[in-house]
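Here's the structure, in structure tokens; my notes come after.
There are 2 protein chains.
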Amino acid sequence: METVEHDKRKCPSHLSTGECTKMLLPVKDALDILSGKWKLQIILSLTFGKKRFKQIQREIPGLTPKMLSKQLKELEINELAERRVYDTSPVTVEYELTLYGRTLRPLIEELHKWGTKHRKRIIARK
Amino acid sequence: METVEHDKRKCPSHLSTGECTKMLLPVKDALDILSGKWKLQIILSLTFGKKRFKQIQREIPGLTPKMLSKQLKELEINELAERRVYDTSPVTVEYELTLYGRTLRPLIEELHKWGTKHRKRIIARK
DNA sequence: TATATCGGTATACTTTTGGAAACCGGTATG
DNA sequence: CATACCGGTTTCCAAAAGTATACCGATATA
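These protein sequences, in sequence, are chains A and B.
When we follow my numbering, the leftmost residue of the first sequence carries the number 26, and every step to the right adds one.
When we follow my numbering, the leftmost residue of the second sequence carries the number 26, and every step to the right adds one.
Structure (structure tokens):
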């Protein structure tokens with residue numbers, strides 16, 4: 026009879042296998058939101074107010090429309106940004122961070138704090 | 026005569042171009058330390074004490090020696106983990122998080138907090 | 001002597017990510 | 001009429017990240 030025991034070889038021994046992935050998954054989710062070549066810059070750009078598509082693209086040198094469109098869609102799916110279409114002619118499209126999107130702020134600040142110390146310690150020294 | 030003015034089309038208007046990248050680089054550094062498929066799990070594994078190479082590999086299913094070795098080297102370069110070789114026979118190698126490496130903890134906790142809320146809001150709903 | 005473990009490395013491959021360029025309909029501008 | 005801007009999409013291509021597999025010398029174990 027096979028018992029569903031914790032395999033101590035597969036996770037740090039203090040954590041059950043379940044606890045281990047339960048710890049991991051949310052951190053990875055958060056990381057996924059922020060990592061990639063453009064996400065951070067796009068989010069940063071939007072923290073300063075709503076922007077139009079081309080306007081964002083102009084602010085971020087090297088960003089192609091393909092990438093911008095892809096990242097904006099992801100932000101939308103995650104409810105971090107909103108897309109608003111105005112019935113002007115020609116049609117106007119604006120993107121804006123949601124309130125929820127703004128809850129990323131403290132997290133980004135933490136990353137900034139740690140990253141700044143790290144730069145001083147490692148990067149400069151190299 | 027060309028003045029070296031801030032190009033308002035390239036960065037959010039409140040920030041000078043310099044301020045913009047100065048904000049960005051440290052955040053990216055921090056992100057780089059944590060992103061990738063295995064880094065987080067390896068760091069997590071090491072937070073529970075020193076480990077030997079194969080021991081880490083066994084704890085993390087799917088992790089190949091090539092990847093493990095690569096990630097451990099990066100942790101070393103960034104002074105987040107230390108590699109100790111003991112002159113036993115056969116030779117024993119142990120990896121341990123440095124004190125500095127442990128300063129990642131609060132950052133990871135922030136990611137965990139935000140990620141947990143995000144899971145509740147988005148992932149579950151999908 | 002045969003097999004296994006340790007701490008990796010080497011090579012070749014696939015998958016994921018991102019980039020370059022062209023293109024689209026609609027509208028405005030000269 | 002030609003050209004340009006807006007908000008994208010499509011296609012193809014290159015680079016980066018990760019995987020599979022085999023192998024290495026040294027030592028221990030049956």
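Cβ atoms here follow ideal geometry from the backbone N, Cα and C, with glycine treated the same way.
Being a predicted model, the structure only gives us computed values, none of them experimental.
Where residue i falls: helix, strand or coil (DSSP)
i, result
"A/Lys-75", "coil"
"A/Glu-104", "coil"
"A/Glu-147", "Position check: residue 147 of chain A holds Ile in this sequence, whereas Glu was assumed. Helix at A/Ile-147."
"B/Pro-51", "helix"
"A/Pro-90", "helix"
"B/Thr-141", "helix"
"B/Lys-64", "helix"
"B/Leu-129", "coil"
"B/Pro-37", "Low confidence applies here, because B/Pro-37 scores a pLDDT of 47, under 50, leaving its location unreliable; read the following figure in that light. Coil."
"B/Glu-30", "Reliability fails at B/Glu-30, whose pLDDT of 32 lies under 50, so the model's placement of it is uncertain and the value that follows must be treated cautiously. In the structure shown, B/Glu-30 sits in coil (DSSP, three-state: anything other than H, G, I, E or B)."
"B/Ile-85", "coil"
Per DSSP, cross-strand counterpart(s) of residue i
i, result
"B/Leu-122", "B/Ala-106"
"B/Thr-117", "B/Tyr-111"
Among the options, the one whose alpha carbon lies nearest that of residue i
i, options, result
"B/Thr-46", "A/Leu-69, A/Asp-57 and A/Glu-104", "A/Leu-69"
"A/Arg-144", "B/Lys-64, B/Ile-81, B/Lys-76 and B/Ile-102", "B/Ile-102"
"B/Leu-50", "A/Gln-82, A/Arg-77 and A/Thr-141", "A/Thr-141"
"A/Ile-58", "A/Thr-117, A/Val-118 and A/Leu-100", "A/Leu-100"
"B/Pro-131", "B/Lys-62, B/Thr-72 and B/Met-48", "B/Thr-72"
"A/Pro-90", "A/Trp-63, A/Leu-129, A/His-137 and A/Ile-133", "A/Trp-63"
"B/Tyr-22", "B/Met-48, B/Ile-147 and B/Lys-76", "This structure cannot settle anything about residue 22 of chain B, because the visible part of chain B is limited to 26 through 151."
"A/Ser-94", "A/Glu-135, A/Pro-86, A/Ile-67 and A/Ser-114", "A/Ile-67"
"A/Leu-97", "A/Ser-114, A/Glu-134, A/Gly-74 and A/Leu-122", "A/Leu-122"
"B/Arg-127", "A/Thr-128, A/Pro-86, A/Trp-139 and A/Arg-127", "A/Trp-139"
Inter-residue CB distance, residue i and residue j (contact presumed, cutoff 8 angstroms)
i, j, result
"B/Gln-65", "A/Lys-53", "Correcting the residue identity first, residue 65 of chain B is Leu in this sequence and not Gln. That belief holds up - the Cβ atoms of B/Leu-65 and A/Lys-53 are roughly 7 angstroms apart, short of 8 angstroms."
"B/Leu-105", "B/Tyr-125", "6 angstroms"
"A/Phe-78", "A/Val-116", "Not really, about 11 angstroms apart at Cβ, beyond 8 angstroms."
"A/Leu-88", "A/Gln-82", "6 angstroms"
"B/Glu-135", "A/Glu-135", "5 angstroms"
"A/Ser-60", "B/Ser-60", "4 angstroms"
"A/His-137", "B/Met-48", "7 angstroms"
What are the residues in the stretch 54-65 of chain B lying within 8 angstroms of chain A by C-beta distance? Those residues of the stretch 54-65 of chain B that come within reach of chain A (Cβ to Cβ, closer than 8 angstroms) are Asp-54, Ala-55, Leu-56, Ile-58, Leu-59, Ser-60 and Leu-65.
What residues in the stretch 115-132 of chain A bring their beta carbon closer than 8 angstroms to a beta carbon of chain B? Tyr-125, Thr-128, Leu-129, Pro-131 and Leu-132
Which residues, taken in chain order from the stretch 89-114 of chain A, show a beta carbon closer than 7 angstroms to some beta carbon of chain B? Asn-103 and Glu-104
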